[in-house]
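Participant:
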Amino acid sequence: MSKTKKHFGIIGGTGLTALENLQIVRREIARTPFGEASSTLSIGRLIDEQQADNATSEEVVFLARHGHAHSIPPHMINYRANIWGLKEAGVNTIISVNAVGGIREDMVPGSLALPDQIIDYTTHRVNTFFETNLTSVTHIDFSYPYDEALSQLVLSTAQEEGIDIIKGGTYAATEGPRLETAAEIQRLKRDGCDLVGMTGMPEAALARELGIDYVSICVNANWAAGLSDELITMDVIEKNITDGLKQVRRLLVALLNKS
Ligand code: HPA
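The working numbering runs 1 ahead of the 1-based position in the sequence shown.
1) Evaluate contact between the stretch 60 to 70 and the stretch 104 to 118, counting only Cβ atoms and requiring at least three cross-stretch pairs below 8 Å.
2) Indicate whether the contact test is met: 3 or more Cβ pairs, each with one atom in the stretch 120 to 134 and one in the stretch 250 to 257, closer than 8 Å.
3) I'd like the span of the alpha helix (DSSP H) that includes residue 28, first residue to last.
4) So the beta strand (DSSP E) residue 94 belongs to, where does it begin and stop?
5) May I ask you to list the residues that DSSP assigns as paired with residue 172?
6) Is the beta carbon of residue 263 within less than 7 Å of some heavy atom of the ligand HPA?
7) Taking only runs of the alpha helix (DSSP H) that begin and end inside the stretch 104 to 164, which ones reach a length of at least 4 residues, in chain order?
8) Based on the DSSP secondary-structure assignment, which residues constitute the bridge partners of residue 43?
9) Evaluate the contact criterion for the stretch 74 to 86 versus the stretch 204 to 218: three or more CB pairs, one atom per stretch, below 8 Å.
10) Compute every distance between the C-beta of residue 100 and the non-hydrogen atoms of the ligand HPA, then say whether any falls below 7 Å.
11) Out of curiosity, what's the CA-to-CA distance linking residue 256 and residue 245?
12) So for residue 206, helix, strand or coil by DSSP?
13) Can residue 218 be considered in contact with the ligand HPA, in the sense that its beta carbon sits closer than 7 Å to one or more heavy atoms?
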């Protein structure tokens with residue numbers, strides 16, 4: 002994490018197409034060389050839901066990854082436009098919020114987790130800014146895909162606020178939009194994956210390419226395929242993440258107040 006002042010961007014996923022506690026000051030359309038971002042950028046201050054007159058002093062930039070109407074599926078998201086747009090808006094620190102399926106036993110539906118590793122199983126996505134007009138071939142170091150100091154800040158803030166969040170875990174990024182088969186989940190488990198989602202990549206890598214500190218707060222929405230008898234439906238996912246997202250909003254306010 003860089004020592005310069007943090008300018009936070011929040012990317013909201015399923016269940017977080019709008020940040021209920023964001024007092025919006027202005028909206029900007031993010032037009033980039035890669036096209037338009039998934040949603041307008043909503044810029045404003047976060048309000049403490051317990052003390053409504055208490056807004057964070059710093060502004061944040063909010064982007065709805067699936068669009069405000071939740072209509073852009075994971076494989077159709079313009080990840081490059083989203084990350085470029087946030088960078089152009091002055092963001093140097095991204096907190097991404099992702100709904101996931103739990104694989105490891107403690108990834109119980111409703112719980113929060115802060116992964117520290119990723120395995121990318123996506124197959125059809127444009128995954129780099131470094132394609133054309135290069136003066137030389139560029140490879141970024143991605144050994145540790147999430148910013149470690151920012152992760153520590155999230156964990157210590159959660160602890161101070163009494164918010165439970167599982168520390169670490171390997172995020173499997175799948176192509177979607179279909180959910181996985183039970184056998185695929187068994188394979189991910191053998192690979193060492195602890196949670197599975199469809200939006201973690203290439204987002205994290207693109208942020209690294211632009212030098213933006215990035216972490217993902219994952220909200221476990223369901224047991225991954227084959228790990229429970231329950232059918233995985235959008236209703237189940239949305240019901241299970243409601244409480245988790247409330248905790249996430251509280252955590253975001255505390256993080257902003259600390260930075
Ligand atoms: N798999 C992939 N993505 C998801 C899941 C899942 O089980 N739940 C929420 N997003």
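Every residue, glycine too, gets a C-beta built ideally from N, C-alpha and C. It should be emphasised that the depicted structure is a prediction, and the values quoted were computed from it without experimental measurement.
Facilitator: Result, derived from the coordinates:
1) no
2) no
3) Counting from 1 along the sequence shown, the entry for residue 28 is found at position 27. Where residue 28 is concerned, there is no enclosing alpha helix (DSSP H), although the beta strand (DSSP E) it sits in stretches over 23 to 29.
4) Within the sequence shown, residue 94 is the residue found at index 93, counting from 1. Looking at the DSSP string, the run of the beta strand (DSSP E) that includes residue 94 is 94 to 103.
5) Within the sequence shown, numbered from 1, the residue matching residue 172 stands at position 171. BP columns for residue 172 point to 119, 196.
6) This structure cannot speak to residue 263, because the chain is shown only from 2 to 260.
7) 149 to 162
8) Taking the sequence shown and counting its residues from 1, the one referred to as residue 43 is at position 42. Residue 43 pairs with 28, 63.
9) yes
10) The count along the sequence shown starts at 1 and reaches residue 100 at position 99. Residue 100 Cβ: within cutoff of the ligand HPA.
11) What you label residue 256 is simply residue 255 of the sequence shown in a count that begins at 1. What you label residue 245 is simply residue 244 of the sequence shown in a count that begins at 1. For residue 256 and residue 245, the distance between alpha carbons rounds to 16 Å.
12) One-based indexing of the sequence shown puts residue 206 at position 205. Residue state, collapsed to three classes: helix.
13) Position 217 of the sequence shown, counting from 1, holds the residue named residue 218. Not so, every heavy atom of the ligand HPA lies at least 7 Å from the Cβ.
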